[in-house]
Amino acid sequence: MSEHRLSEIVIERPRGGMRISSKKLKGYRKELEQITRVATEDGLLSPYLIKPRRKSKWLSDHLGPLRKLLQSQVGQPWDQVYSRLCRDLNPRTMAGQHVIDHLWDFVEQHVEIIDGLPYAKNNRWSWRGERPSLADSYGTKFYVHPETRLLCVAPLMCRRWEPTPPKREIEISAYEQYRQIKNIWYRITFEVLSSSFVWDMLLKETIDAKKALRTYGRRIYAAKKRQCSKRDLKKVRDLLS
């Protein structure tokens, strides 16, 4: 593929979707004329500014050749690769600048290597407290090595789908919950731990304040435990659904 035609290949591609004609849509032209008349009488808009709505056309840039070109340049000095692209694309034109803008969607310039994996310096930490690497990105991701300045491709991480474990605890209130134990649902009632040692119905042993905090996060203990009735089981199914 010649690099000087890259801007034409990326941009000059028909838009995707379906063109909806206002003449072929029953009642739509009448609705359009009514909107135009109201806008004209109110002096808000001119008739020629009213355009048909509910169209489904979208832009569809063909980015496969750009990705293949970068793949063929892996291992080459990034400065030379970028210079050749700028020379052939001419970023002073609109088409060339458009392709250069798409280039940064694939290539990360400022990275740091941690434990053999590339991390973007401007990446934010996720809500889980983890910092995602370029290997966690979907699709092929390229980066410039911070030491050698060579164009590299980030390794793809194998993602395994792990099913969500079934819910075994359902909170009813601050001191009551439904809990599944050996495929049987129970209604557990907790009480505030007032004495030094009490018998816990869940743990089947005596506990103190220290163990209560370690087990339940509060100074409470399981005072009552009974198997769920049919009415309780119906509530459990409703809460799980």
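Going from the sequence shown to my numbering is simple: count from 1 and add 9. Using N, Cα and C, we set each Cβ at its ideal position, and we do this for glycine too. Bear in mind that the values here come from a model prediction, so they are computed numbers and not experimental data.
For residue i, is the classification buried or exposed, using 16 other Cβ atoms within 10 angstroms of its Cβ as the cut-off for buried?
i	result
S204	exposed
E156	exposed
E117	buried
D209	buried
V120	buried
L160	buried
A183	exposed
L202	buried
L94	buried
I190	exposed
Hey, quick one: how far does the alpha helix (DSSP H) through residue i stretch, first residue to last?
i	result
F199	Counting along the chain, F199 falls outside any alpha helix (DSSP H), though it belongs to the beta strand (DSSP E) covering I193 to V201.
Y91	W87 to L98
Q106	M103 to F115
R158	No alpha helix (DSSP H) holds R158; DSSP gives it neither H nor E.
R246	K239 to L249
Whole angstroms are fine: how far does the CA of residue j sit from the CA of residue i?
i	j	result
T173	V207	35 Å
Y187	S142	40 Å
K60	L72	Because K60 carries a pLDDT of 49, less than 50, the predicted location of this residue cannot be relied on, and the following value inherits that uncertainty. Each residue's Cα considered, the two are about 30 Å apart.
Q106	I122	30 Å
L304	N131	Given a span of 10 to 250 for the chain in the structure shown, any question on residue 304 remains unanswerable.
T102	P86	25 Å
L242	A232	21 Å
V245	Y225	21 Å
R227	T215	16 Å
D88	R158	8 Å
V162	A104	26 Å
L68	P100	Confidence at L68 is low in this model, with a pLDDT of 49, below 50, so the placement of that residue is unreliable and no value is reported for it.
R96	D124	36 Å
P164	R223	41 Å
K213	D247	30 Å
V220	A129	Going by the sequence as given, residue 220 is Lys instead of Val. The straight-line gap from Cα to Cα measures roughly 43 Å.
A218	L211	15 Å
H154	E185	56 Å
Y57	E40	Low local confidence applies: a pLDDT of 43 at Y57 is under 50, so the model's placement there is unreliable, with the coordinate-based value given in what follows. Going by the C-alpha atoms only, they are around 15 Å apart.
Hey, quick one: how far does the beta strand (DSSP E) through residue i stretch, first residue to last?
i	result
D209	V207 to D209
T224	Unbroken run through T224 is the alpha helix (DSSP H), A218 to Y225; no beta strand (DSSP E).
P127	L126 to A129
S182	E178 to S182
Is the beta carbon of residue i less than 8 Å from the beta carbon of residue j?
i	j	result
E200	I179	no
L98	V108	yes
L249	K150	no
Y91	P127	no
Does the contact criterion of 3 or more C-beta pairs under 8 Å hold for the stretch 105–112 versus the stretch 72–91?
yes
Between the stretch 229–248 and the stretch 189–197, can you find at least three pairs of beta-carbon atoms closer than 8 Å?
yes
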